[in-house]
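When you read off a place in the sequence shown, starting at 1, and then add 59, the result is the number in the working numbering.
Backbone N, C-alpha and C fix where the C-beta goes; we use that ideal spot for every residue, glycine too.
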Amino acid sequence: MESPGTLEAPACAPIAPTNGMTAAGTVEYADFGAGPVVVALHGGLGGWDQGLILAQCAVPAGYRVLALSRAIADPAARQRLVDNPEVMALYTALLASTFHRMAERIAGTANDIRITKTTEPPLEQFRVPTLVVHGTADRVVPYARHVPAFAARLPGVRVCTVEGGDHVSLFTHRDLVRSEVGAFLEVYAAPGGRGRGRTTRRPGH
(Lines of atoms letter the chains of each structure in order from A and count residues from 1; the text may use other names and numbers.)
(Lines give C-alpha, C1' and ligand atoms only; values in the text may rest on other atoms or scores of the structure.)
Protein backbone atom coordinates (compact mmCIF):
# COMPACT_ATOMS: atom_id res chain seq x y z
CA MET A 1 0.00 0.00 0.00
CA GLU A 2 1.35 3.40 -0.93
CA SER A 3 1.62 5.97 1.84
CA PRO A 4 1.29 9.77 1.54
CA GLY A 5 4.82 10.53 0.35
CA THR A 6 8.37 9.43 -0.29
CA LEU A 7 11.56 10.02 1.63
CA GLU A 8 12.81 12.21 -1.19
CA ALA A 9 10.13 14.78 -0.30
CA PRO A 10 11.18 18.00 1.45
CA ALA A 11 11.86 17.49 5.14
CA CYS A 12 8.96 19.70 6.17
CA ALA A 13 6.40 18.34 3.69
CA PRO A 14 2.92 18.45 5.25
CA ILE A 15 1.90 15.07 6.65
CA ALA A 16 -1.33 14.32 8.49
CA PRO A 17 -1.02 11.76 11.30
CA THR A 18 -3.56 9.01 11.82
CA ASN A 19 -4.60 6.76 14.70
CA GLY A 20 -4.26 2.99 14.82
CA MET A 21 -5.28 0.34 17.33
CA THR A 22 -2.70 -1.90 18.99
CA ALA A 23 -2.83 -4.45 21.79
CA ALA A 24 -1.74 -1.65 24.15
CA GLY A 25 -4.35 0.83 22.93
CA THR A 26 -4.59 3.63 20.39
CA VAL A 27 -1.38 5.03 18.91
CA GLU A 28 -0.93 8.15 16.77
CA TYR A 29 1.50 7.83 13.87
CA ALA A 30 2.57 9.29 10.55
CA ASP A 31 2.92 6.98 7.54
CA PHE A 32 5.55 8.08 5.02
CA GLY A 33 7.34 6.44 2.09
CA ALA A 34 7.06 2.96 0.60
CA GLY A 35 8.96 -0.29 1.10
CA PRO A 36 10.05 -2.30 4.16
CA VAL A 37 8.67 -0.71 7.33
CA VAL A 38 10.92 1.25 9.69
CA VAL A 39 9.48 2.41 13.02
CA ALA A 40 10.75 5.86 14.05
CA LEU A 41 10.61 7.15 17.62
CA HIS A 42 11.98 10.31 19.15
CA GLY A 43 13.22 9.31 22.59
CA GLY A 44 12.83 12.66 24.29
CA LEU A 45 9.43 14.31 24.01
CA GLY A 46 8.05 11.65 21.75
CA GLY A 47 6.00 13.41 19.08
CA TRP A 48 5.45 11.68 15.72
CA ASP A 49 6.52 14.90 13.98
CA GLN A 50 9.95 14.92 15.58
CA GLY A 51 10.37 11.21 14.93
CA LEU A 52 9.50 11.78 11.27
CA ILE A 53 12.02 14.61 10.91
CA LEU A 54 14.78 12.45 12.39
CA ALA A 55 13.78 9.55 10.14
CA GLN A 56 13.94 11.75 7.05
CA CYS A 57 17.51 12.61 8.03
CA ALA A 58 18.60 9.05 8.77
CA VAL A 59 16.56 6.64 6.62
CA PRO A 60 17.47 6.30 2.93
CA ALA A 61 14.92 6.12 0.14
CA GLY A 62 13.09 2.85 -0.40
CA TYR A 63 11.60 2.43 3.07
CA ARG A 64 8.23 3.10 4.62
CA VAL A 65 8.49 5.05 7.88
CA LEU A 66 5.92 4.76 10.66
CA ALA A 67 6.70 7.67 12.98
CA LEU A 68 4.95 7.02 16.28
CA SER A 69 3.97 9.37 19.04
CA ARG A 70 5.13 8.16 22.43
CA ALA A 71 2.50 9.28 24.89
CA ILE A 72 2.92 9.69 28.64
CA ALA A 73 2.54 6.11 29.85
CA ASP A 74 0.47 6.71 32.99
CA PRO A 75 -3.17 7.48 32.05
CA ALA A 76 -3.80 9.36 35.31
CA ALA A 77 -0.71 11.54 34.84
CA ARG A 78 -1.66 12.16 31.22
CA GLN A 79 -5.15 13.23 32.25
CA ARG A 80 -3.81 15.60 34.91
CA LEU A 81 -1.71 17.30 32.26
CA VAL A 82 -4.59 17.63 29.78
CA ASP A 83 -7.02 18.89 32.44
CA ASN A 84 -4.78 21.73 33.62
CA PRO A 85 -4.90 24.57 31.05
CA GLU A 86 -1.90 26.41 32.52
CA VAL A 87 0.35 23.36 32.59
CA MET A 88 -0.85 22.22 29.17
CA ALA A 89 0.02 25.63 27.72
CA LEU A 90 3.53 25.38 29.16
CA TYR A 91 3.96 21.83 27.87
CA THR A 92 2.78 22.86 24.41
CA ALA A 93 5.20 25.77 24.41
CA LEU A 94 8.04 23.41 25.34
CA LEU A 95 7.19 21.09 22.46
CA ALA A 96 6.99 24.00 20.02
CA SER A 97 10.34 25.38 21.16
CA THR A 98 12.27 22.12 20.81
CA PHE A 99 13.58 22.89 17.33
CA HIS A 100 13.67 26.66 17.68
CA ARG A 101 17.19 27.89 16.80
CA MET A 102 18.24 24.25 16.46
CA ALA A 103 21.25 25.15 14.31
CA GLU A 104 22.59 27.20 17.21
CA ARG A 105 21.85 24.50 19.76
CA ILE A 106 23.49 21.54 18.01
CA ALA A 107 27.10 22.53 18.73
CA GLY A 108 26.38 23.02 22.42
CA THR A 109 24.45 19.77 22.62
CA ALA A 110 27.31 17.86 21.01
CA ASN A 111 29.72 19.49 23.44
CA ASP A 112 27.53 18.48 26.40
CA ILE A 113 27.50 14.86 25.21
CA ARG A 114 31.27 14.85 24.77
CA ILE A 115 31.86 16.27 28.24
CA THR A 116 29.49 13.89 30.01
CA LYS A 117 31.16 10.92 28.30
CA THR A 118 34.70 11.96 29.19
CA THR A 119 34.48 13.63 32.60
CA GLU A 120 33.18 12.78 36.06
CA PRO A 121 31.85 15.74 38.05
CA PRO A 122 33.35 16.02 41.56
CA LEU A 123 29.98 15.78 43.29
CA GLU A 124 31.53 15.21 46.71
CA GLN A 125 33.08 18.68 46.51
CA PHE A 126 29.80 20.50 45.87
CA ARG A 127 29.00 22.97 48.64
CA VAL A 128 25.73 24.37 47.32
CA PRO A 129 22.29 23.18 48.43
CA THR A 130 20.93 20.70 45.90
CA LEU A 131 17.43 19.36 45.25
CA VAL A 132 17.10 16.36 42.93
CA VAL A 133 13.62 15.85 41.42
CA HIS A 134 13.24 12.58 39.53
CA GLY A 135 10.42 10.27 38.42
CA THR A 136 10.68 6.56 39.12
CA ALA A 137 9.30 5.70 35.66
CA ASP A 138 11.75 7.89 33.70
CA ARG A 139 12.82 5.80 30.69
CA VAL A 140 15.20 8.45 29.32
CA VAL A 141 17.28 8.97 32.48
CA PRO A 142 16.59 5.87 34.63
CA TYR A 143 15.89 6.63 38.28
CA ALA A 144 17.63 3.55 39.67
CA ARG A 145 20.84 4.33 37.83
CA HIS A 146 21.17 8.02 38.63
CA VAL A 147 19.35 9.02 41.81
CA PRO A 148 21.12 6.68 44.28
CA ALA A 149 24.48 7.86 42.94
CA PHE A 150 23.56 11.51 43.41
CA ALA A 151 22.07 10.83 46.85
CA ALA A 152 25.25 9.06 47.97
CA ARG A 153 27.75 11.56 46.57
CA LEU A 154 26.16 15.00 46.97
CA PRO A 155 26.60 16.43 50.49
CA GLY A 156 23.26 17.26 52.09
CA VAL A 157 21.25 16.56 48.96
CA ARG A 158 17.46 16.56 49.15
CA VAL A 159 15.67 14.06 46.91
CA CYS A 160 12.10 14.46 45.68
CA THR A 161 11.03 11.06 44.37
CA VAL A 162 8.04 11.27 42.03
CA GLU A 163 6.44 7.83 42.16
CA GLY A 164 5.33 6.80 38.68
CA GLY A 165 6.65 10.02 37.16
CA ASP A 166 8.39 9.83 33.80
CA HIS A 167 10.72 12.23 31.97
CA VAL A 168 8.14 15.04 32.02
CA SER A 169 7.26 14.78 35.72
CA LEU A 170 7.60 18.55 35.98
CA PHE A 171 4.36 18.78 33.99
CA THR A 172 2.47 15.64 35.03
CA HIS A 173 3.18 16.07 38.77
CA ARG A 174 3.47 19.83 38.89
CA ASP A 175 1.80 20.31 42.29
CA LEU A 176 4.20 17.90 44.00
CA VAL A 177 7.25 19.35 42.28
CA ARG A 178 6.25 22.93 43.06
CA SER A 179 5.62 22.04 46.68
CA GLU A 180 9.07 20.47 47.03
CA VAL A 181 10.83 23.30 45.21
CA GLY A 182 8.97 25.88 47.30
CA ALA A 183 9.92 24.16 50.56
CA PHE A 184 13.53 23.89 49.40
CA LEU A 185 13.71 27.57 48.48
CA GLU A 186 12.15 28.61 51.78
CA VAL A 187 14.99 26.86 53.57
CA TYR A 188 17.90 27.90 51.38
CA ALA A 189 16.88 31.01 49.46
CA ALA A 190 14.87 32.90 52.07
CA PRO A 191 16.81 35.44 54.20
CA GLY A 192 18.58 33.54 56.94
CA GLY A 193 17.60 30.15 55.56
CA ARG A 194 20.29 27.63 56.44
CA GLY A 195 18.56 24.27 56.68
CA ARG A 196 20.10 21.12 55.33
CA GLY A 197 18.75 17.65 55.02
CA ARG A 198 17.59 14.79 52.90
CA THR A 199 14.02 13.91 52.11
CA THR A 200 12.20 11.52 49.83
CA ARG A 201 8.71 12.69 48.92
CA ARG A 202 5.97 10.72 47.22
CA PRO A 203 2.59 11.93 45.97
CA GLY A 204 0.10 11.86 48.83
CA HIS A 205 2.79 11.74 51.55
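In the DSSP annotation of this structure, the continuous segment of the beta strand (DSSP E) that includes threonine 77 starts and ends at 77 to 81.
Counting the other Cβ atoms within 10 Å of the Cβ of glutamate 239 gives 16 or more, which makes it buried.
For phenylalanine 91, the enclosing beta strand (DSSP E) covers residues 84 to 92. Glycine 241 carries a helical assignment under DSSP once its states are collapsed to helix, strand and coil. Taken atom to atom, the span from the alpha-carbon of alanine 196 to that of valine 221 is near 9 angstroms. Here the C-alpha atom of alanine 203 lies approximately 18 angstroms from the C-alpha atom of threonine 175. For secondary structure counted as the beta strand (DSSP E) over 3 or more consecutive residues, the segment 158 to 214 holds these complete runs in sequence order: 190 to 194.
For alanine 99, DSSP records a beta bridge to Ala126.
Counted as a single uninterrupted DSSP element, the beta strand (DSSP E) harbouring valine 218 occupies residues 217 to 221.
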